[in-house]
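In our numbering, the protein residues as written are 2 to 94. Even glycine gets a Cβ: it sits at the ideal position worked out from N, Cα and C. Remarks on the structure that follows.
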């Protein structure tokens, strides 16, 4: 999933995770969530759990790269990668 429209839709869904489940507003998809004070260590754990629940995948410790979670755009790309059929086939084997 690399279509810009699909990534924008994912960004919107992830923004809903922040507002609905985490009770936090993210003013811009390019805001650095850590430097902007939106996400701290506890919120990061809640974010990971919320993403797993919302999108139906698991995030292993080995997959965690902090840069994948810095902005809504980065998170959307990460989620798109997790949802791609190629990733599913690899993780299923």
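#1: Whole alpha helix (DSSP H) runs in the stretch 65 to 89 with 4 or more residues, listed along the chain?
#2: If distances are taken between C-alpha atoms only, which option among 33, 16, 35 comes closest to residue 26?
#3: Tell me whether residue 21 sits in a helix, a strand or coil according to DSSP, three-state version.
#4: Reducing DSSP to helix, strand and coil, say where residue 38 ends up.
#5: Could you tell me the alpha carbon to alpha carbon distance between residue 45 and residue 31, rounded to whole angstroms?
#6: With burial defined as no fewer than 16 other Cβ atoms inside 10 Å of the residue's Cβ, what is the status of residue 13: buried or exposed?
#7: So, using beta-carbon positions, are residue 11 and residue 77 closer together than 8 Å?
#8: With a CB to CB cut of under 7 Å and the five nearest residues on each side skipped, what residues in its chain are close to residue 59?
#9: With a threshold of 16 other CB atoms inside 10 Å of the CB of residue 65, please say whether the residue is buried or exposed.
With the given structure in hand:
#1: Those alpha helix (DSSP H) runs which fall completely within the stretch 65 to 89 and span 4+ residues are 73 to 84.
#2: For residue 26, the nearest C-alpha among the options comes from 16.
#3: Annotated three-state conformation of residue 21 is helix, per DSSP.
#4: Looking at residue 38 - three-state DSSP - the assignment turns out to be coil, as it is neither helix nor strand.
#5: One alpha carbon belongs to residue 45, the other to residue 31, and they sit about 17 Å apart.
#6: With fewer than 16 neighbouring CB atoms inside 10 Å of its own CB, residue 13 falls in the exposed class.
#7: Yes, they are a contact pair.
#8: Here the set comprises 53.
#9: Looking at its Cβ environment, which holds fewer than 16 other Cβ atoms inside 10 Å, residue 65 is exposed.
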